[in-house]
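In the working numbering, the protein residues as written are 49 to 231.
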C-alpha cells in the first residue's frame, strides 16, 4: 500500500488502483467512525471492522436488511475493496496499518478500555477532516450508504454483528478458509 505522497516515485506506466492508496482507506475509516459511530467514536475493533464490512459490501448489507426485516436500501456499485476470512469474520489485513496511520497523524485516538477492547475516537483534526469528506459531493453516495448501515447496525455490538454475519453468510464467509478473499 502506498501513500499518495509517494505516487510520484512509481513508474508512469503502472496502473494506479485506489485500493492500493493508504489515504483512500484512511478516509473511509474516518467516515465510518464519523457516520456510523456514536459521538464520533466506535467502541471495539470488531465493531469497526464489521460496520466497514457492510459499508464495503452493499449487496451483503442488503441481504442482512432483508433477513432483519429492515428496509432494503438501493444497492449500487461494486465491492470497494476485498476483505479476507479471518478468525472474527471479514477482515482487512491493512486495518492495523491504516489505524496506525490515522493515530500517527493525530486524526484518530485509539484508547485501550478496561475490558481489553479499544475505543476509536476522532480527534479535533479528524473531525474536521471527516466533516470535509462528509460534505464533499464525491462522497455523498458513500455517506448515504453509511447512514443506512448506522441505522441498522449502529446500536448493535461488534460481537452481535459478527455472529449475524456468520449466520447469514455461511457459504460466503464462514466456510471459507482463513485468509481466503471474500468477494
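Every residue, glycine too, gets a C-beta built ideally from N, C-alpha and C.
All figures in this text were calculated on a predicted structure; none of them were measured in a lab.
Based on the DSSP secondary-structure assignment, which residues constitute the bridge partners of residue i?
i           : result
residue 170 : 156
Distance check for residue j and residue i, CA to CA, integer angstroms please.
i           : j           : result
residue 215 : residue 206 : 14 Å
residue 144 : residue 208 : 22 Å
residue 117 : residue 200 : 10 Å
residue 84  : residue 221 : 23 Å
residue 82  : residue 180 : 11 Å
residue 154 : residue 108 : 32 Å
residue 197 : residue 151 : 24 Å
residue 103 : residue 76  : 9 Å
residue 17  : residue 188 : Past the boundaries of the shown model lies residue 17; the chain is included only from 49 to 231, so the question cannot be answered.
residue 165 : residue 147 : 15 Å
residue 90  : residue 101 : 14 Å
residue 112 : residue 149 : 31 Å
residue 120 : residue 114 : 6 Å
residue 219 : residue 95  : 21 Å
Taking the alpha carbon of residue i as the reference point, which residue from the options has its own alpha carbon closest?
i           : options            : result
residue 97  : 107, 168, 195      : 168
residue 92  : 108, 162, 104, 149 : 162
residue 142 : 71, 219, 220       : 71
residue 79  : 108, 183, 107      : 183
residue 74  : 170, 217, 110, 220 : 170
residue 210 : 195, 166, 160, 99  : 99
residue 105 : 193, 89, 157, 203  : 193
residue 156 : 175, 165, 164      : 175
residue 217 : 191, 122, 110      : 110
Can you tell me where the alpha helix (DSSP H) holding residue i begins and where it ends?
i           : result
residue 114 : 106 to 115
residue 199 : 188 to 201
residue 213 : 206 to 216
Could you spell out where the beta strand (DSSP E) holding residue i opens and where it closes?
i          : result
residue 91 : 89 to 91
Using 10 angstroms around the beta-carbon of residue i, count the other beta-carbons present and answer buried if the total reaches 16, otherwise exposed.
i           : result
residue 87  : exposed
residue 173 : exposed
residue 177 : buried
Is residue i a contact residue of the ligand NAD, with contact defined as CB to any heavy atom under 8 Å?
i          : result
residue 94 : With respect to the ligand NAD, the structure shown offers nothing to examine, as it has no ligands at all.
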